[in-house]
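Enquirer: Protein chains in written order, with the working numbering: chain A, 1 to 143; chain B, 1001 to 1255. All C-beta atoms in this analysis are idealised placements derived from N, C-alpha and C, irrespective of residue type, glycine included. One structure, as structure tokens, below. Some questions next.
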């Protein structure tokens, strides 16, 4: 895989630096896709096809039922609610062109997306703790 | 009031409003001068300028008490300025209740317009219709039609949102109170609502918040997401967020 969710997020940060409305609007879309791909990559039995609505509905309604995801119920629901929120914000940013789109709104979306990445990672590591770092090899100089 | 005293009172009035609108800390020497000038006044002028002084000092409760004292005079200009103050000071629920109360007392088109807009924010179609009727009854011709069209548009927006989300007017009011409560807790004032209705299930209740700080907006949105994650809301086809809207604040500051 050439790119992942984090790469979309990094691109969203670049969009903001365009310092114009089209940059702000596109930042929102890229940020949403970043979190969407990141969350999908962590699910063990995500929906197929993984449409936007299917993923968020799965997270909110069924992912926490027995035999589905190994993660905590409220964390799954919380991520589903955030994806739904960011997806609809993306639609507003992409379709509602009659109002100005302020930079602050796009920056707020990026802050929320970053928190979403942190939440997703914390949820994952609660169940699959990262392996402890391997001890540093020490070089013994022969006498 | 003598002409010279009137000029001084007017100057003090403008000075105090400039601090209220800019939301900057009023300096002690300005407070001292204001107190001296207010001491020489009587009646509603004294109460009104005392209210403004407390408002400029950031003491909301005392400002409201003095405004209420000044309002005993039934002066409609004071009523409008009172509503302008509480409408910009992050007490949205209290503002809405006062708008509805003073609309009945003063019957002014400006207050009726604010009341109609407040009714729109809480999705109350019955009230939007009622205030639209009252507003348009006082006008003729093009203006009357314009007010009727505005009311019809607002009602259509609310009804579409209700249909798309299956929320009732009471539930929209509860949602609005919750959202405004979150913002007000952070000292952020809300100035309106957008009902975003998509052709599918992706709808939104968008709150216009008077802040340009993305950290604050993100915090408000994250708190709103906690509310939307509860059983009451999470399966309903909508979300909600705060968007930065500084137009009102910039207008008040004359920019």
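1. Looking at residue 1212 (chain B): is its Cβ nearer than 7 Å to the Cβ of residue 1240 (chain B)?
2. Can you give me the C-alpha to C-alpha distance between residue 1036 (chain B) and residue 1046 (chain B), rounded to a whole angstrom?
3. Count the other CB atoms within 10 Å of the CB of residue 1163 (chain B); is the residue buried (16 or more) or exposed (fewer)?
4. What does the alpha-carbon distance come out to for the pair residue 98 (chain A) and residue 1050 (chain B)?
5. With distances taken from CA atoms, which of A:33, A:11, A:34 is nearest residue 23 (chain A)?
6. For residue 1066 (chain B), report the span of its alpha helix (DSSP H) as first-last.
7. Do the CB positions of residue 87 (chain A) and residue 9 (chain A) come within less than 7 Å of each other?
8. Under 8 Å, with one C-beta from each stretch per pair, do the segment 1161-1177 of chain B and the segment 1054-1068 of chain B reach the 3-pair mark?
9. Contact criterion: CB-CB distance below 7 Å. Does residue 1209 (chain B) meet it with respect to chain A?
10. Let me check one thing: in DSSP terms, what residues is residue 984 (chain B) bridge-paired to?
11. For the beta strand (DSSP E) containing residue 1196 (chain B), list its first residue and its last residue.
12. Please state the DSSP three-state secondary structure of residue 1244 (chain B).
13. Should residue 1214 (chain B) be labelled buried (16 or more other beta-carbon atoms within 10 Å of its own) or exposed?
14. Return the residues of the segment 107-118 of chain A that lie within a Cβ-Cβ distance of less than 7 Å from chain B, sorted by chain order.
15. Mind pulling the chain B residues with CB within less than 7 Å of residue 159 (chain A)?
16. Going by the CB atoms, is the gap between residue 116 (chain A) and residue 82 (chain A) shorter than 7 Å?
17. So the candidates are B:1006, B:1042, B:1198, B:1048; which of them puts its Cα closest to the Cα of residue 1017 (chain B)?
18. Using a C-beta to C-beta distance shorter than 9 Å, which residues of chain B count as neighbours of residue 63 (chain A)?
19. Could you pull out every residue in the same chain whose Cβ sits closer than 8 Å to the Cβ of residue 78 (chain A), ignoring the five residues on either side in sequence?
20. Any idea if residue 151 (chain A) is buried or exposed, counting beta-carbon neighbours within 10 angstroms, 16 or more meaning buried?
21. For chain A, is any of its Cβ atoms less than 7 Å away from the one on residue 1255 (chain B)?
22. Looking at chain B, is there any beta carbon in it that lies within less than 7 Å of the beta carbon of residue 85 (chain A)?
23. Going along chain B, which residues have a C-beta under 7 Å from residue 81 (chain A)?
24. Residue range of the alpha helix (DSSP H) that residue 1169 (chain B) falls in?
25. Does residue 1089 (chain B) pass the burial test, meaning 16 or more other C-beta atoms within 10 Å, or should it be called exposed?
26. Hey, how far is the Cα of residue 51 (chain A) from the Cα of residue 1190 (chain B)?
27. List, in order along the chain, the chain A residues whose C-beta lies closer than 8 Å to that of residue 1109 (chain B)?
28. Leaving out the 5 sequence neighbours to the left and right, which residues in its chain are closer than 6 Å to residue 1209 (chain B) when beta-carbon positions are compared?
Expert: Once the coordinates are examined:
1. Taking the second chain and counting its residues from 1, one reaches residue 1212 (chain B) at position 212. Taking the second chain and counting its residues from 1, one reaches residue 1240 (chain B) at position 240. No, Cβ-Cβ distance for residue 1212 (chain B) and residue 1240 (chain B) is not below 7 Å.
2. As a first step, residue 1036 (chain B) must be located in the second chain, where it is residue number 36. As a first step, residue 1046 (chain B) must be located in the second chain, where it is residue number 46. In this structure, the alpha-carbon of residue 1036 (chain B) lies about 11 Å from that of residue 1046 (chain B).
3. Within the second chain, numbered from 1, the residue matching residue 1163 (chain B) stands at position 163. Residue 1163 (chain B) should be labelled exposed.
4. Position 98 of the first chain, counting from 1, holds the residue named residue 98 (chain A). Position 50 of the second chain, counting from 1, holds the residue named residue 1050 (chain B). If you draw a straight line from the Cα of residue 98 (chain A) to the Cα of residue 1050 (chain B), it comes to about 43 Å.
5. Your numbering for residue 23 (chain A) matches position 23 in the first chain. Answer by Cα proximity: A:11.
6. Sequence index remark: in the second chain, residue 1066 (chain B) carries index 66 (1-based). Where residue 1066 (chain B) is concerned, the enclosing alpha helix (DSSP H) stretches over 1060-1071.
7. Along the first chain, one-based indexing puts residue 87 (chain A) at 87. Along the first chain, one-based indexing puts residue 9 (chain A) at 9. Their beta carbons are not under 7 Å apart, which means residue 87 (chain A) does not touch residue 9 (chain A) by this criterion.
8. Contact between the segment 1161-1177 of chain B and the segment 1054-1068 of chain B is absent, because fewer than three Cβ pairs lie under 8 Å.
9. Here the question's residue 1209 (chain B) lines up with position 209 in the second chain. False, the Cβ-Cβ gap to chain A never drops below 7 Å.
10. Residue 984 (chain B) falls outside the range modelled here, since chain B spans only 1001 to 1255, and no answer is possible.
11. Mapped onto the second chain, residue 1196 (chain B) falls at position 196. Where residue 1196 (chain B) is concerned, the enclosing beta strand (DSSP E) stretches over 1190-1196.
12. On the second chain, position 244 is the one that residue 1244 (chain B) refers to. In this structure, residue 1244 (chain B) counts as strand in the three-state DSSP scheme.
13. Position 214 of the second chain, counted from the first residue, corresponds to residue 1214 (chain B). Buried, because 16 or more other Cβ atoms sit within 10 Å of the Cβ of residue 1214 (chain B).
14. Correct list: 107, 108, 111, 112, 115.
15. Here chain A covers residues 1 to 143 and nothing more, so residue 159 (chain A) does not appear.
16. Reading the first chain from its first residue, position 82 is the one you call residue 82 (chain A). Reading the first chain from its first residue, position 116 is the one you call residue 116 (chain A). Cβ distance < 7 Å, so residue 82 (chain A) and residue 116 (chain A) count as in contact.
17. Locating residue 1017 (chain B) in the second chain gives position 17, where the first residue counts as 1. Closest option to residue 1017 (chain B), judged by alpha-carbon separation, among B:1006, B:1042, B:1198, B:1048: B:1048.
18. For this step, residue 63 (chain A) is matched to residue 63 along the first chain. Those do not exist, as residue 63 (chain A) stays about 12 Å from chain B at its closest Cβ, beyond 9 Å.
19. Translated into positions along the first chain, residue 78 (chain A) becomes position 78. The answer, listed in chain order, is 119.
20. Coverage of chain A is limited to positions 1 through 143, which leaves residue 151 (chain A) absent and any answer about it impossible.
21. As a working mapping, residue 1255 (chain B) is identified with position 255 in the second chain. Low confidence applies here, because residue 1255 (chain B) scores a pLDDT of 47, under 50, leaving its location unreliable and the question unanswered by this model.
22. Against the first chain, residue 85 (chain A) aligns to sequence position 85. Judged by the 7 Å Cβ criterion, residue 85 (chain A) is in contact with chain B.
23. In the first chain, residue 81 (chain A) corresponds to position 81, counting from 1. Those are 1225, 1228, 1229, 1234, listed as they occur along chain B.
24. Stepping through the second chain from its first residue, residue 1169 (chain B) is reached at position 169. Per DSSP, the unbroken alpha helix (DSSP H) holding residue 1169 (chain B) starts and ends at 1169-1185.
25. In the second chain, the residue the question calls residue 1089 (chain B) occupies position 89. Under this definition residue 1089 (chain B) is a buried residue.
26. Looking up residue 51 (chain A) in the first chain gives position 51. Looking up residue 1190 (chain B) in the second chain gives position 190. Going from the Cα of residue 51 (chain A) to the Cα of residue 1190 (chain B) covers about 34 Å.
27. Position 109 of the second chain, counting from 1, holds the residue named residue 1109 (chain B). Within chain A, no C-beta atom comes nearer than 8 Å to that of residue 1109 (chain B); the closest sits roughly 27 Å away.
28. Against the second chain, residue 1209 (chain B) aligns to sequence position 209. The beta carbon of residue 1209 (chain B) is closer than 6 Å to those of 1183, 1188, 1190, 1242 in its chain, skipping five residues each way along the sequence.
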